[in-house]
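Novice: Residue numbers (my numbering), protein chains in the order written: chain U, 176 to 428; chain A, 241 to 367. Backbone N, C-alpha and C fix where the C-beta goes; we use that ideal spot for every residue, glycine too.
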Amino acid sequence: MTDPDDHLIHYFRQVYDTTRKYLRDLTEENAKLCALIHTLERELDRERKVRLRIEERVAAIDAERQAYLKRYLEVEAQNANVSNLYVATLRLHGSIDHNDVLAAIHEIIINLVGCEELAVFELPVQGSTLFLSSSHGIDRTPLERVPVGVGTIGECAASGRTFIATATGAPNSAGAGPEANLTACVPLMVEGVVTGAVAIFRLLGHKPGLEPMDHELFSLIGSHAATALYCTSAVEHTGARRSLRARAVSEIP
Amino acid sequence: MDPQPKAKILVVDDSSTVLIMEELLLRRKYEVVKATGGMQALRLAAEQRPDLILLDIVMPDIDGLETCRLLRGMEATKATPIIMVTTRGEQKTMAAAYANGATDYVTKPIDHKDLLDKVERCLGARG
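1. Residues of chain A with CB closer than 9 Å to the CB of U/A279, please, in chain order.
2. At what residues does the beta strand (DSSP E) containing U/H311 begin and finish?
3. Is the beta carbon of A/K348 closer than 8 Å to that of U/N286?
4. Which residues does DSSP pair with U/G371 in a beta bridge?
5. Which of the three DSSP states is assigned to A/K318 in this structure?
6. Suppose the cutoff is 8 Å on Cβ atoms and the five residues either side in sequence are ignored; what does the same chain contact list for U/T343 look like?
7. Should A/I297 be flagged as near chain U, meaning a C-beta pair shorter than 8 Å?
8. Using a 10 Å radius around the Cβ and a threshold of 16 neighbouring Cβ atoms, would you call A/P290 buried or exposed?
9. Assign U/A238 to one of two classes, buried (16 or more other C-beta atoms within 10 Å of its C-beta) or exposed (fewer than that).
10. In chain A, which residues lie less than 8 Å from U/I283 when you measure between Cβ atoms?
11. Against chain A, with Cβ distances strictly below 8 Å, would U/N274 count as a contact?
12. U/T402 to U/G269, Cα distance in whole Å?
13. So A/K353 contacts chain U; which residues on that side make the cut at Cβ distance below 7 Å?
14. Between U/E319, U/T264, U/L419 and U/D314, which has its C-alpha nearest U/H399's C-alpha?
15. When DSSP labels each residue in this structure, what does U/L357 get in the three-state scheme?
16. Tell me whether the beta-carbon of U/A374 lies closer than 8 Å to the beta-carbon of U/L363.
17. Can the beta-carbon of U/R320 be found less than 8 Å from the beta-carbon of U/F338?
18. With a threshold of 8 Å, are at least 3 pairs of Cβ atoms found where one atom belongs to the region 223-235 of chain U and the other to the region 323-331 of chain A?
19. Which residues, taken in chain order from the region 255-269 of chain U, show a beta carbon closer than 9 Å to some beta carbon of chain A?
20. Identify every residue that forms a DSSP beta bridge with U/F376.
21. Closer than 6 Å by C-beta to U/V323: which residues in its own chain qualify, once you throw out the five before and the five after it? Chain order, please.
22. My output table needs one value for A/T343: the three-state DSSP class, helix, strand or coil.
23. Going along chain U in order, which residues have a C-beta closer than 7 Å to the C-beta of A/K358?
24. Following the continuous beta strand (DSSP E) through A/K248, name the residue where it begins and the one where it ends.
25. Does any C-beta atom of chain A lie closer than 8 Å to the C-beta of U/L287?
26. From the DSSP output, which residues share a beta bridge with U/R232?
27. Can you check whether the CB of A/L284 is closer than 8 Å to the CB of A/V273?
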């Protein structure tokens with residue numbers, strides 16, 4: 176017969192041993208979990224760094240993309256400007272007929288600058304008065320003859336400097352009467368000598384003001400239109416065009 | 241495999257400056273046919289059957305609005321997209337252009353990107 180106390184003692188010992196084993200297992204498990212947490216934290220830290228590097232790379236690629244887009248738009252605008260200048264040059268030097276050159280100047284100002292009110296003046300050698308050679312969309316009468324040095328247009332011819340109205344759409348401070356709506360006046364110059372002027376009045380209604388491209392076109396008109404007009408006048412005076420035509424006719428089989 | 245044929249664009253303007261500029265702008269991607277007036281445009285449209293027409297409004301023989309109306313009456317061009325190209329950017333002119341059958345419009349001086357976008361959109365819509 177076993178003593179009930181022995182039985183109880185045995186039972187408590189068993190419970191004690193089991194609990195101790197359980198505690199040991201738990202401690203071991205806890206140590207493993209701590210190690211795992213430590214590994215995972217290291218892993219997480221590494222992943223965070225990788226993510227940060229990827230985010231930085233994405234930001235750099237995005238910045239690069241933005242820069243390329245900006246550059247693309249700039250190149251596209253530059254390309255448009257160059258093609259406009261090419262077309263203008265082609266038109267100005269595409270004929271030896273004086274009237275064709277005048278028509279080309281009109282077309283450039285109407286279609287590339289965006290103005291349907293313009294006047295082209297020419298200044299004879301040693302002359303002191305600008306003569307209106309052609310115009311579009313304006314009353315010719317008050318501008319048929321403009322003395323050099325008088326008014327904005329005359330002053331432009333005297334100084335050889337391009338006039339640009341100060342504020343977009345604002346009345347021109349220098350001008351009144353026929354010059355009231357003057358937006359720009361470009362002197363025509365051949366080898367540093369003024370040979371005429373191109374006056375540009377009101378811009379088209381939907382064009383708010385002059386753009387950088389217009390200044391490029393003015394510069395081109397000031398030199399190339401001047402040369403083209405001067406040369407075509409010279410060709411007409413020398414009769415070279417008639418000779419050329421005669422040669423062309425003689426070469427027809 | 242044969243490359244896809246280029247879409248054909250008829251450009252109509254009495255200004256050589258505009259014709260040269262439009263041709264420069266379009267010829268890389270499209271076949272360009274040029275006309276200097278409304279009458280020539282009607283003839284070329286019937287002969288060439290363009291995929292799109294760029295039409296100036298102010299022209300000496302038949303103006304662009306009338307040309308547009310006549311093009312809409314022709315079998316060959318009744319559904320062809322027509323983009324009006326004009327210095328007259330005001331509402332009244334544009335309303336008249338749409339009433340005569342225009343698909344869209346661009347104003348002069350031509351913004352190259354705007355024109356190319358509209359051409360592509362019209363040709364895309366045509367399918």
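Specialist: According to the structure data:
1. S256 and T257
2. T304 to H311
3. yes
4. U/E297 and U/L363
5. coil
6. In this predicted model, U/T343 has a pLDDT of only 48, less than 50, meaning its place in the structure is not dependable; the value taken from the coordinates is given anyway. P383, G384 and L385.
7. Any Cβ of chain U closer than 8 Å to the Cβ of A/I297 would place that residue at the interface, and such an atom is absent.
8. buried
9. exposed
10. T257
11. So, not an interface residue.
12. Each residue's CA atom was taken as its position, placing U/T402 and U/G269 some 12 Å apart.
13. Those within 7 Å of A/K353 in chain U are E251.
14. U/T264
15. coil
16. no
17. no
18. Touching, no.
19. A255, S258, N259, Y261, V262, A263, L265, R266 and G269
20. U/F376 is not bridged to any residue.
21. S303, G329, A332 and A333
22. coil
23. The premise fails here: A/K358 is roughly 15 Å from chain U at the closest Cβ pair, so nothing lies under 7 Å.
24. For A/K248, the enclosing beta strand (DSSP E) covers residues K248 to V252.
25. yes
26. The partner list for U/R232 (beta bridge, DSSP) is empty, contrary to what the question assumes.
27. A contact, by the Cβ cut-off of 8 Å.
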